[in-house]
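Each remark here refers to the structure printed beneath this line.
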Amino acid sequence: MAMTPYPHFTTFPSLSSPLLFSKPNHSPFSQPPYLSTPQFNRYTFLSVSSRQNQKPFAVNFNSQIVNAESSSTSNTREPMLPPYNVLITGSTKGIGYALAKEFLQTGDNVIICSRSAERVESAVKSLREEFGEQHVWGTKCDVREGQDVKDLVGFAQRNLKYIDIWINNAGSNAYSYKPLAETSDDDLIEVVTTNTLGLMICCREAIKMMLNQPRGGHIFNIDGAGSDGRPTPRFAAYGATKRSVVHLTKSLQAELQMQDVKNVVVHNLSPGMVTTDLLMSGATTKQAKFFINVLAEPAEVVAKYLVPNIRSVPANGSMKPTYIRFLTGIKAYSQIFSRFAFGARRNKYLLED
Numbered sequence: 527m528a529m530t531p532y533p534h535f536t537t538f539p540s541l542s543s544p545l546l547f548s549k550p551n552h553s554p555f556s557q558p559p560y561l562s563t564p565q566f567n568r569y570t571f572l573s574v575s576s577r578q579n580q581k582p583f584a585v586n587f588n589s590q591i592v593n594a595e596s597s598s599t600s601n602t603r604e605p606m607l608p609p610y611n612v613l614i615t616g617s618t619k620g621i622g623y624a625l626a627k628e629f630l631q632t633g634d635n636v637i638i639c640s641r642s643a644e645r646v647e648s649a650v651k652s653l654r655e656e657f658g659e660q661h662v663w664g665t666k667c668d669v670r671e672g673q674d675v676k677d678l679v680g681f682a683q684r685n686l687k688y689i690d691i692w693i694n695n696a697g698s699n700a701y702s703y704k705p706l707a708e709t710s711d712d713d714l715i716e717v718v719t720t721n722t723l724g725l726m727i728c729c730r731e732a733i734k735m736m737l738n739q740p741r742g743g744h745i746f747n748i749d750g751a752g753s754d755g756r757p758t759p760r761f762a763a764y765g766a767t768k769r770s771v772v773h774l775t776k777s778l779q780a781e782l783q784m785q786d787v788k789n790v791v792v793h794n795l796s797p798g799m800v801t802t803d804l805l806m807s808g809a810t811t812k813q814a815k816f817f818i819n820v821l822a823e824p825a826e827v828v829a830k831y832l833v834p835n836i837r838s839v840p841a842n843g844s845m846k847p848t849y850i851r852f853l854t855g856i857k858a859y860s861q862i863f864s865r866f867a868f869g870a871r872r873n874k875y876l877l878e879d
């Protein structure tokens with residue numbers, strides 16, 4: 527499950543810039559976030575003729591980063607027609623479960639998984655009661671175990687033949703909010719192996735599977751607090767693992783470009799602050815309650831926004847990496863301003879006084 531907890535500040539932040547509260551989308555003339563390292567730029571892997579024909583990026587501040595070059599054969603292909611086959615890890619509760627429901631609402635086919643067989647059974651039963659037995663399947667999978675993820679791929683191929691959209695949502699903070707010096711070995715191992723090792727294993731197996739699919743596919747890695755490099759006191763290990771999500775995504779994008787792979791793309795997905803158990807378990811301070819009330823949204827609301835944007839990627843035939851965000855900088859800034867100006871969202875989820 528993804529978690530994007532409240533921001534932490536030693537003093538109350540200035541409202542001079544939305545950068546304090548979330549990652550803003552980049553301007554049309556700035557580096558895309560997935561190619562912003564010094565080693566690579568957006569033209570590194572293009573031929574001279576392709577570079578000369580590049581058009582600038584266009585930005586939708588309420589959605590994903592998109593490329594204005596919609597007609598380029600190097601960046602687009604024939605659109606994938608729905609319904610889509612979707613696999614979501616960590617999807618028996620929270621944002622993963624909400625995403626599964628929203629995909630099913632559109633008529634897609636969905637595979638869910640969790641390390642708990644009991645939760646998988648319960649979630650599949652509930653979803654089948656609502657959407658029918660021929661659209662949803664579930665299996666136990668611990669993303670920390672390579673064989674489990676290989677078995678997940680086999681399960682997907684047996685039931686759906688191929689996967690169009692793979693969402694890496696499984697994550698953990700060990701339900702622990704404390705200084706690193708007070709964190710146990712077990713909690714550190716739980717966080718790092720789930721969020722970093724598990725993500726690497728899932729990306730590896732998803733890429734291998736999609737390389738053998740004529741349709742290719744799209745992989746979406748969910749970020750979280752710390753992914754933008756800002757500090758995450760009291761859950762430092764979690765923040766460090768989420769910072770690695772963005773780096774891993776950029777590295778995989780570069781690898782696929784170097785190999786001239788055009789039908790498999792790795793993206794980032796940012797749900798913002800979601801009112802899940804992981805988030806609420808850290809709501810122990812006045813500051814935490816303030817930001818949860820002002821910025822957080824229920825998983826169902828977030829999923830209703832994200833799913834159409836995710837589906838638009840294969841539907842448009844785009845083969846350019848994207849970073850789809852629910853909580854943009856402008857949105858965060860406006861909600862905080864409304865709180866101070868009009869008292870909006872006070873005590874929305876938690877009593878602050």
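For the sequence shown, the numbering used here gives the first residue as 527, with consecutive numbering after it.
All C-beta atoms in this analysis are idealised placements derived from N, C-alpha and C, irrespective of residue type, glycine included.
Can you tell me where the beta strand (DSSP E) with residue i in it begins and where it stops?
| i | result |
| --- | --- |
| F746 | 743-748 |
| N794 | 790-796 |
| Y875 | Y875 -> no beta strand (DSSP E), and no H or E assigned at all. |
| Y610 | Looking at the DSSP string, Y610 is not in any beta strand (DSSP E), and its letter there is neither H nor E. |
| R851 | 849-851 |
| V636 | 635-640 |
Can you tell which of the options has the C-alpha that lies nearest to the C-alpha of residue i?
| i | options | result |
| --- | --- | --- |
| L725 | A870, R865, I614 | I614 |
| M736 | G765, A682, L723 | A682 |
| N873 | L607, P840, V820 | V820 |
| I733 | I745, P740, N842 | I745 |
| M799 | S864, E659, F817, N842 | F817 |
| D790 | V828, R730, E823 | Contrary to the premise, residue 790 reads as Val rather than Asp in this sequence. Nearest option by C-alpha distance: R730. |
| L714 | L653, S698, I727 | S698 |
| L853 | Q779, A822, L630 | A822 |
| A707 | A751, A762, G843 | A762 |
| K881 | V662, D879, L723, P608 | For the chain, the structure presents residues 527 to 879; residue 881 sits outside this window and is missing. |
| Y895 | I689, V839, Y875, L804 | In the structure as shown, the chain begins at 527 and stops at 879. Residue 895 is therefore absent and cannot be evaluated. |
| A829 | A841, T801, G843 | T801 |
| S753 | P759, V771, R760 | V771 |
| P608 | I621, I850, D690 | D690 |
| T709 | A858, K666, R760, R603 | R760 |
| Q660 | S777, L630, S642 | L630 |
Buried or exposed for residue i, please, with buried defined as at least 16 other CB atoms from any protein chain shown within 10 angstroms of its CB.
| i | result |
| --- | --- |
| R769 | buried |
| G742 | buried |
| I862 | buried |
| N588 | Annotation note: pLDDT 39 at N588 (below 50); position unreliable, no value reported. |
| V718 | buried |
| M784 | exposed |
| K651 | exposed |
| R684 | exposed |
| P847 | buried |
| A825 | buried |
| F866 | exposed |
| F868 | exposed |
| Q812 | At residue 812 the sequence reads Lys, which differs from the Gln that was named. Counting Cβ neighbours within 10 Å, K812 comes out exposed, since fewer than 16 surround it. |
| R577 | Because the pLDDT of R577 is 36, which lies under 50, any placement of that residue in the model is unreliable, and the question is left without a value. |
| N721 | buried |
| T605 | One detail in the question is off: residue 605 reads as Pro in this sequence, not Thr. Flag for P605 reads exposed. |
| A751 | buried |
Counting along the chain, where does the alpha helix (DSSP H) carrying residue i start and finish?
| i | result |
| --- | --- |
| N819 | 812-821 |
| V839 | 825-841 |
| Q631 | 620-631 |
| F866 | 855-868 |
| L777 | Position check: residue 777 holds Ser in this sequence, whereas Leu was assumed. Run containing S777: 762-784, per the alpha helix (DSSP H) assignment. |
| D803 | 803-806 |
Length-filtered (4 minimum) alpha helix (DSSP H) runs lying within the stretch 646-725: 672-686, 711-718
Could you check whether the stretch 789-806 touches the stretch 829-845, counting it as contact only if at least three pairs of C-beta atoms, one from each stretch, sit closer than 8 Å? yes
Counting pairs of Cβ atoms below 8 Å between the stretch 637-644 and the stretch 605-619, do you hit three or more? yes
Taking contact to mean 3 or more Cβ pairs, one atom from each stretch, closer than 8 Å, check whether the stretch 617-633 and the stretch 670-682 are in contact. no
Could you tell me whether the stretch 745-755 touches the stretch 680-695, using the rule of 3 or more Cβ pairs below 8 Å? yes
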